[in-house]
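Novice:
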Amino acid sequence: MTMTGEKKRKVICPATGEEIGRMEETPLAKVPLMYEKARQAFPAWAEMPVKKRVEHLRSLRLYMLEHMEELVQVITDSTGKVAVEALTADILTVVDAVQHMEKTAASALAPRRVSTPLLFFGKKSYIEYKPRGVVLVISPWNYPFQLAMIPVVSALAAGNTVILKPSEVTPLVGKWIETLFHESGFPEGVVQVAHGGKELGAGLVERKPDYIFFTGSVRTGKIIQEQAARYLIPTTLELGGKDPMIVFGDAHLERAVKGAVWGGLTNSGQVCMSVERLYVEKPVYDRFVRQLVKEVNRLQQGRGTDDDLGSMTFPGQIDIVREHIEDALARGARLLTGQEPSRWNMDNGMFLEPMVLVDVTPDMKVMREESFGPILPVMPFEGEDEAVRLANDSPYGLNASVWSRDLEKAKRIASRLVSGNVVINDVMITVANPHLPFGGVKESGIGRYHGDVGLQTFCHQTSVMVDPGKSASEVNWFPYRGKYPLFLQLIRSYFGEKKAWWRFIKSYLHLLRK
Ligand code: ADP
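According to this note's numbering, the sequence shown is numbered sequentially starting from 490.
This is how it looks when you write it as structure tokens:
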């Protein structure tokens, strides 16, 4: 403990085991003050025209570009991922999302005119989007920059003030984000970062933010949702996945193999949308597996800018991967690459060799629960129906991919999958298109972000109807005397199989005279 009561904690690089810094945690006692600051800053930020708010986003983008390599270093040191992945999956996605918001926020958040039914003749209707207030963003360690920044920036663009609690597993990235907002000139109190673990997270939820945006595990998501329900706080939950990849016999096999290797092993498989279940059509199964093994054996693991695979990030995740592999091997699965858990060696950092696993069955943990590690479990299927049944047989529904040269067939399968996202002949990429809403179904989450809806979700919507205010009364107002039969006639003539316009107009005019 320091003199100020803040805890200082050693931060370790998972790829080397070396200390990379010390981190002061935010004391729980500071939480009320943070909310006070966020609430004080809210009115001015909310009233600022969107066009002015996005000027701040522009400064943020330029600061990120100027300090890009420094940020790559912080991310790679904190997570053990390789530099190209820090650059493309963490930084590029954020820069792109920010620029997209700079261009689209004003129109996405502008009042939207909608039509008004004839029954309300003479009136006009529109929807207004207003910021919710103080948004709490809680983010995870696997993409510690992207998964913190995109919700934060979306909430800000929509006019909210934000408290971010980044993952305690990668605290230096959280620190960097705090500096980023400070250095790029955001007004005091508009963005605050709370550094710490789950007690701090729970303490922040307890102080009743106006919205909670959570990315993390299903288990924590449910805890947060329960607490939020008690206060009726609206939430978005971005949770896990067990994403299927379906490879048909007519797919470009070399492409599908390379796609599987990247989709399953990028970020060492610590991705909510990584390929976690591979289903390959029987006639090409053997060939696919042979090529998969060859391709996996080509990968280079390490810390250099030319390396493909980095280390695991969080020690707790290695235990889950071990449990899944041990369960699979005990039930008859075979490893074609990588090592059995008893031979894993973490002396030089938390590196796990990628594992191609065959002879798996749908009941194994590795095919049911999220592994979040470098595993490629493959099993054969026969025909479209079996592929769809296997893919949908999961509590999750985040992303999926379908591989075939027959695009009609691929689209047919895509629309039968119960999933928030589907990619045809590629993996994961929907999340990188800022025009597309992103989110899961089933236990993969609630709500969407990215795209226009990703800004509107941070707003409450006010529906407005306007009457010119020139007539003395309305047909549906008091008195009701004599109106009952006229309304009967009006409803029948207006909503019947064929509109009876003359009878409708007649009853309406009579009502007006009452
Ligand atoms: P992951 O392992 O993917 O990071 P977690 O669900 O464990 O998933 O953590 C995600 C984020 O949620 C982290 O920032 C963590 O500190 C936070 N967190 C964990 N438990 C709670 C809780 N009970 N209340 C609020 N936040 C929590």
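Glycine residues also receive a C-beta, built at the ideal position from the N, C-alpha and C atoms.
All values derive from a computational prediction rather than experimental measurement.
Comparing alpha-carbon positions, which option in K783, G827 and S757 lies nearest D797?
Specialist: S757
Novice: Taking one C-beta from the region 676-687 and one from the region 506-519 each time, how about it: are there three or more such pairs within less than 8 Å?
Specialist: yes
Novice: Tell me which same chain residues have a C-beta within less than 6 Å of the C-beta of R792, skipping the five on either side of it?
Specialist: A504
Novice: Please look up how many angstroms separate the CB atoms of H741 and R894, rounded, as I've assumed it's under 8 Å.
Specialist: 6 Å
Novice: Between the region 817-833 and the region 848-867, do at least 3 Cβ pairs fall closer than 8 Å?
Specialist: Output reads yes: the region 848-867 touches the region 817-833.
Novice: Given the structure, does P655 come close to the ligand ADP, in the sense that its CB is under 7 Å from one of the ligand's heavy atoms?
Specialist: yes
Novice: From R621 to H999, what distance separates their C-alpha atoms?
Specialist: 44 Å
Novice: In angstroms with no decimal places, state the Cα-to-Cα distance between R992 and P957.
Specialist: Take the alpha-carbon of R992 and the one of P957: they are about 26 Å apart.
Novice: Go through the region 692-747 residue by residue and report every complete run of the alpha helix (DSSP H) that reaches 4 residues or more, in order.
Specialist: 707-720
Novice: Assuming F870 contacts K771 (C-beta within less than 8 Å), just tell me the rounded distance between them.
Specialist: Indeed, because the Cβ distance is near 7 Å, the residues count as touching under 8 Å.
Novice: Where G729 and P863 are concerned, what is the direct C-alpha to C-alpha distance, given to the nearest angstrom?
Specialist: When the Cα atoms are used, G729 and P863 turn out to be separated by approximately 16 Å.
Novice: Flag this pair as yes or no: are the beta carbons of M844 and I814 separated by less than 8 Å?
Specialist: Yes.
Novice: Alpha carbon to alpha carbon, what distance is there between Y700 and I722?
Specialist: Taken atom to atom, the span from the alpha-carbon of I722 to that of Y700 is near 6 Å.
Novice: Out of C502, E897, Y768 and Y632, which one is the CA nearest neighbour of Q759?
Specialist: Y632
Novice: Distance, Cα to Cα, V916 vs E525?
Specialist: 43 Å
Novice: Between S614 and V953, which are expected to be in contact by the criterion C-beta below 8 Å, what is the C-beta distance as a whole number of angstroms?
Specialist: 7 Å
Novice: For M557, which residues in the same chain have their Cβ closer than 8 Å to its Cβ, ignoring the five residues on either side in sequence?
Specialist: Here the set comprises L576 and I580.
Novice: Closer than 8 Å by C-beta to V782: which residues in its own chain qualify, once you throw out the five before and the five after it? Chain order, please.
Specialist: L825, T826 and V845
Novice: Could you spell out where the alpha helix (DSSP H) holding I807 opens and where it closes?
Specialist: Element bounds for I807: P804 to A819.
Novice: Hey, quick one: how far does the beta strand (DSSP E) through V849 stretch, first residue to last?
Specialist: V849: not part of any beta strand (DSSP E); DSSP gives it neither H nor E.
Novice: According to the Cβ coordinates, are E574 and T794 closer than 8 Å?
Specialist: no
Novice: Is it buried or exposed, S656, if we count other Cβ atoms within 10 angstroms and call 16 or more buried?
Specialist: Under this definition S656 is a buried residue.
Novice: Between which two residues does the alpha helix (DSSP H) harbouring I652 extend?
Specialist: Counting along the chain, I652 falls outside any alpha helix (DSSP H), though it belongs to the beta strand (DSSP E) covering T650 to K654.
Novice: With 16 other CB atoms within 10 Å as the buried threshold, where does G985 fall?
Specialist: Exposed, because fewer than 16 other Cβ atoms sit within 10 Å of the Cβ of G985.
Novice: Write down every uninterrupted run of the alpha helix (DSSP H) in the region 829-913 whose length is 4 residues or greater and which is fully enclosed by it, in chain order.
Specialist: 854-857, 872-881 and 896-905
Novice: Using C-beta distances below 8 Å, list every residue in its chain close to A717, excluding the 5 sequence neighbours before and after it, in chain order.
Specialist: V694, I701, P723 and T724
Novice: With DSSP collapsed to three states, give me the class of M490.
Specialist: Its pLDDT being 37, under 50, M490 is placed unreliably in this model, and the coordinates cannot settle the point.
Novice: Flag K725 as yes when its Cβ comes closer than 7 Å to any non-hydrogen atom of the ligand ADP, and as no otherwise.
Specialist: In the sequence as presented, Lys is not what sits at residue 725; that position holds Thr. T725: no, Cβ never under 7 Å from the ligand ADP.
Novice: Which residues does DSSP list as the beta-bridge partners of G934?
Specialist: DSSP lists E727 as partners of G934.
Novice: Apart from the five residues on each side of it in sequence, which residues of its chain come closer than 6 Å, Cβ to Cβ, to M523?
Specialist: I652 and Q681
Novice: Pairs of beta-carbons, one from the region 545-561 and one from the region 658-676, closer than 8 Å: are there three or more?
Specialist: yes
Novice: In the structure shown, what three-state DSSP assignment does E986 receive?
Specialist: coil
Novice: Just checking my contact of M868 with Y768 at CB under 8 Å: how many whole Å lie between their CB atoms?
Specialist: 6 Å
Novice: Between which two residues does the alpha helix (DSSP H) containing I616 stretch?
Specialist: For I616, there is no enclosing alpha helix (DSSP H); the residue is found in the beta strand (DSSP E) stretching over K613 to P620.
Novice: For the ligand ADP, any of its heavy atoms closer than 7 Å to the Cβ of P629?
Specialist: yes
Novice: Where does the unbroken beta strand (DSSP E) through S952 begin, and where does it stop?
Specialist: C948 to V955
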